[in-house]
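> In this note's numbering, the protein residues as written are 24 to 412.
Glycine included, every Cβ here is placed at the ideal spot set by N, Cα and C.
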Amino acid sequence: MYKYFKHSYLTCFIVPSAAIAVFLAPQWAFFIPVVITLLNTLGDNLTPPDRSVLQYSQHWILNAMVYLYVPFVSFYLFSAMWIAAPGDFLGLSAAVAQWLPVDLLAIKEQAGLRGLLASTFAVGYVLSSNHLYAHELVHRTTDRLAMLTGRWLLAMVGDAQFAISHVYAHHRNVGTPMDAATARRGENVYAFFIRSSIGQYGESWEIEGQRLRNSGKGLFSVHNRVLSGLAMTAFLYALWFLAAGWIGAAVYTVIIVTAKFLFETVNYIEHYGVVRVPGTRVEPRHSWDCDNRMSSNALLNLSRHADHHEKKKKKYWELEAVDTSLQLHYGYISTIVVALVPFWWHRFAAPQLRQWDARSAAPEEKILAEMANRASAHPVFMSAVNERK
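1) Taking C-alpha atoms, which residue in R327, V300 and W368 lies nearest to A385?
2) Measure the C-alpha to C-alpha separation of V93 and R370 and round it to an integer number of angstroms.
3) Rounded to the nearest angstrom, what separates V109 and V190 at their Cα positions?
4) Using a Cβ-Cβ cutoff of less than 6 Å, which residues in the same chain neighbour E287 once the five nearest sequence positions on both sides are dropped?
5) Suppose contacts are defined by Cβ-Cβ distances below 8 Å. Is K335 in contact with H158 by that definition?
6) So what does DSSP say about Q121, is it helix, strand or coil?
7) Considering only the alpha carbon of each residue, which of G114, V45, T276 and V345 lies closest to W311?
8) Let's see if you can read the secondary structure: which residues bound the alpha helix (DSSP H) around H237?
9) With three or more C-beta pairs closer than 8 Å as the rule, is the segment 37–48 touching the segment 125–133?
10) In whole angstroms, what is the alpha-carbon distance linking T205 and L115?
11) In terms of DSSP beta bridges, what is D330 paired with?
12) Buried or exposed for P71, going by 16 or more other Cβ atoms inside 10 Å?
13) Return the chain-ordered list of same chain residues with a C-beta closer than 6 Å to the C-beta of F98, the five sequence neighbours on each side being excluded.
14) Smallest Cα separation from V96: which of G135, V38, V57 and L136?
15) Count the C-beta pairs between the segment 174–182 and the segment 352–369 that are closer than 8 Å, then say yes if the count reaches three, no if not.
16) Per DSSP, what kind of secondary structure is D314 in: helix, strand or coil?
17) Within a Cβ cutoff of 7 Å, which residues of the same chain sit near T358, ignoring the five residues on either side of it in sequence?
18) Report the residue from I84, W379, L100 and L77 whose alpha carbon sits nearest the alpha carbon of Y275.
19) On a Cα-Cα basis, can you pick out the residue from A267, Q184, G225 and T281 that is closest to M255?
20) Measure the alpha-carbon distance for N237 versus I230 and round it to whole angstroms.
21) Taking 8 Å as the threshold (C-beta atoms), are G296 and A192 in contact?
22) Where does W379 land, buried or exposed, given buried means 16+ other C-beta within 10 angstroms?
23) So what's Q350 in DSSP terms, helix, strand or just coil?
24) From which residue to which residue does the alpha helix (DSSP H) around N63 run?
25) Over the uninterrupted alpha helix (DSSP H) stretch that includes T393, give me the two end residues.
Here it is as structure tokens:
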């Protein structure tokens, strides 16, 4: 039976536990990201890799684990709203006191500004997982419930456009200059975050504009999914403002930016430095892959990214680990930490990209890789250029 719940760590344990921690000890909430990072790092590096592809007969359980995430993460987001709001917002503390010997209002008041700041960061950190669950759902393009749920999860972190740019631009253009979500050689994660975020919105507007023109509908209409996604986020902003005024709006903004930055860091490590000739087939070699156990179990097999890009219609439990020359052998969460230190990241990635250029790149890609090394102007890549002179 465990196999049905091996991917439910976030849904059933981490998110509910984090929400309880915010309510009971908001001033210590900054430990939530620390504990999650340590658990994932230890789990990935102290346990053997997991390359198994299990067979399931009860798919509804696996789907339920995805949808169950929605109420839990909504409650977690509400925990930050309650901390930011003045007084006992919606009478929560009074209601809890009727059942438990806990005075949540006194805890919040004692935590003060430190509690607000710590819980804001903790909620933003965990809500980066919204992209993870939405990613699974928005690929089910013919399932209306999945698409609606995925878009609301994305709107919660201000990024509903991802349902358009990821499915219809990233998967088509990955590894080419046309893809905003492919990190260039020598580019650091902070510059990538800005370029990729802006570029994805540009891709979504272009795709949506073409779709609406083809159907004879106006760009600025209720049929525009970019605009409707922004409206969904605006609605949530209104709730935050009604609950906690401008402080609430500011807190929600920090949560959104934190969640978006962390997920863009995931985008960064998944295709960093890869090149592909536009129009050619996307193959497993065009992605960084990872078969670490915790990354696989906790992240709905997002770590098996090479197989996902080759067969994007696969459900998360069907994805396979692939032998590619680009491996995130520390695990996903650990590699995110590495990526935050550009010098460390480039030293980690450059040797594998050199091997990729030599052994995995197609003849045309070898030329593109050489051009990418020169364009990077980064010492770790320029050294490879100089060695071939």
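On the basis of the data shown:
1) Ranking the options by Cα distance to A385, first place goes to V300.
2) Cα-Cα distance, rounded: 38 Å.
3) Sequence inspection shows Pro at residue 109; the Val mentioned does not correspond to that position. When rounded, the distance between both Cα atoms is 41 Å.
4) Closer than 6 Å at the Cβ level, and outside the excluded window around E287, lie F216 and S219.
5) No; because the gap between Cβ atoms is not below 8 Å, this pair is not in contact.
6) Coil.
7) Restricting attention to G114, V45, T276 and V345, the CA atom closest to the CA of W311 is found in V345.
8) The question names His, yet the displayed sequence has Asn at residue 237. That run of the alpha helix (DSSP H) goes V212 to N237.
9) Taking 8 Å as the limit for Cβ pairs, the verdict is that the segment 37–48 does touch the segment 125–133.
10) Each residue's CA atom was taken as its position, placing T205 and L115 some 44 Å apart.
11) Residue pairing by DSSP leaves D330 without any beta bridge partner.
12) Result: exposed.
13) Hits under 6 Å: A42.
14) Comparing Cα-Cα distances from V96 to each of G135, V38, V57 and L136, the minimum goes to V38.
15) The segment 174–182 vs the segment 352–369: no contact.
16) If DSSP states are grouped into helix, strand and coil, D314 belongs with coil.
17) Around T358: I292 and L351.
18) When only C-alpha atoms are compared, the closest one is L100.
19) Comparing Cα positions, the closest option is Q184.
20) Going from the Cα of N237 to the Cα of I230 covers about 11 Å.
21) Cβ distance not < 8 Å, so A192 and G296 don't count as in contact.
22) Per the 10 Å Cβ criterion, buried.
23) In the three-state reduction of the DSSP assignment, Q350 falls in the strand class.
24) Residues F54 to L69.
25) The residue asked about is misnamed: residue 393 is Glu in this sequence, not Thr. Run containing E393: P386 to S399, per the alpha helix (DSSP H) assignment.
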